[in-house]
Every structure is written in C-alpha cells, then in structure tokens.
Amino acid sequence: MEVIHKIGRRKTAVARAYVAQGSGNITINKKDMTVYFPTAALQYKVNQPLVMTNNDGNFDITVNVYGGGITGQAEAIRLALSRAMCELDAENRGILKPEGLLTRDPRMVERKKFGQKKARKKFQFSKR
20 MEVIHKIGRR
30 KTAVARAYVA
40 QGSGNITINK
50 KDMTVYFPTA
60 ALQYKVNQPL
70 VMTNNDGNFD
80 ITVNVYGGGI
90 TGQAEAIRLA
100 LSRAMCELDA
110 ENRGILKPEG
120 LLTRDPRMVE
130 RKKFGQKKAR
140 KKFQFSKR
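Position in the sequence shown (first residue = 1) + 19 = our numbering.
Here it is in structure tokens:
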C-alpha cells in the first residue's frame, strides 16, 4: 500500500494527513498526538474516523496542520482522516457519512464592518 495524502479544512485550519500501513502511531507537526492535543475530547475527535471504521491500530499517520485554534485543527484532521478512510475502502463511506464526518463545515468568522465595534456589534449610541 502506498501513502495516501488527504486534506481537511475547518475555519482557517488546514490539515494534510499522510496515511501508511503501520502500527498506529499518530504524529502531528512532528509531535505525538497526546502531546499536541492534551485533552481527551480533542484526541477523541482525531481518532473518531479510525475507531468507527475499526482501523485504530492499523496505520501510521503523519499530519501537518496550521492555522486556526486547536479545536479547528482537530476537526480539520478528522475530516482529512475520514477522507483517507473512504479512499481505503468504499464501504467506510456508508459508516462515516451518516455521522457527518465527510462534510466540510462551511462556517467561517464574519468580517468586522467599518464603523462598527465588531462584525455585528455596534458602538453605543447616546443622546448627550
């Protein structure tokens, strides 16, 4: 099996995942996953596509991720791994699609408008 390369995005985070046969090591930006994502919730998000398709110890995964915060990065990695699992076996699509793991979340931060405090918040108006 050759290396599978897939890209996942969420907000402004971009993750490039490289999946190859191996023993289940996950490396993110040259660090172990447990070091890069210290909380169990973020580790669960990264492992979710692997656990659902029963591939949680079969592949060595190397990920380069940049931009956004840690939650956006974890969800970008999840999308990249979901796409990689679908390329490995077409039957995995039927498992991941109903859970929403193959859908790119289109929500982005709204830009700040001129003459306003934030995107929607206005400056306070006073009559004095």
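Even glycine gets a Cβ: it sits at the ideal position worked out from N, Cα and C.
If you're wondering where the values come from, they're calculated on a predicted model, not measured in any experiment.
If you keep only unbroken alpha helix (DSSP H) runs of at least 4 residues inside the segment 30-91, you get 52-55 and 59-71.
Fully contained in the segment 116-146 is no alpha helix (DSSP H) run of length 4 or more. One thing to note: R29 has its Cβ within 7 Å of the Cβ of G91. With contacts defined as CB atoms closer than 7 Å, T81 and T46 qualify as a contacting pair. Between I23 and A103, the C-beta gap is smaller than 7 Å, which places the two residues in contact. The distance from the Cβ of I26 to that of A32 is about 11 Å, inconsistent with a contact at the 8 Å cut-off. The C-beta distance from R97 to K49 rounds to 20 Å, too long to meet the 8 Å contact threshold. For S101 and V128, the gap between their C-alpha atoms comes out near 24 Å. Annotation: Y85 to A36 spans about 12 Å, alpha carbon to alpha carbon. Counting the other Cβ atoms within 10 Å of the Cβ of F78 gives 16 or more, which makes it buried. By the criterion of a C-beta distance shorter than 8 Å, R126 is surrounded in its chain by K30, once the five residues flanking it on both sides are discounted.
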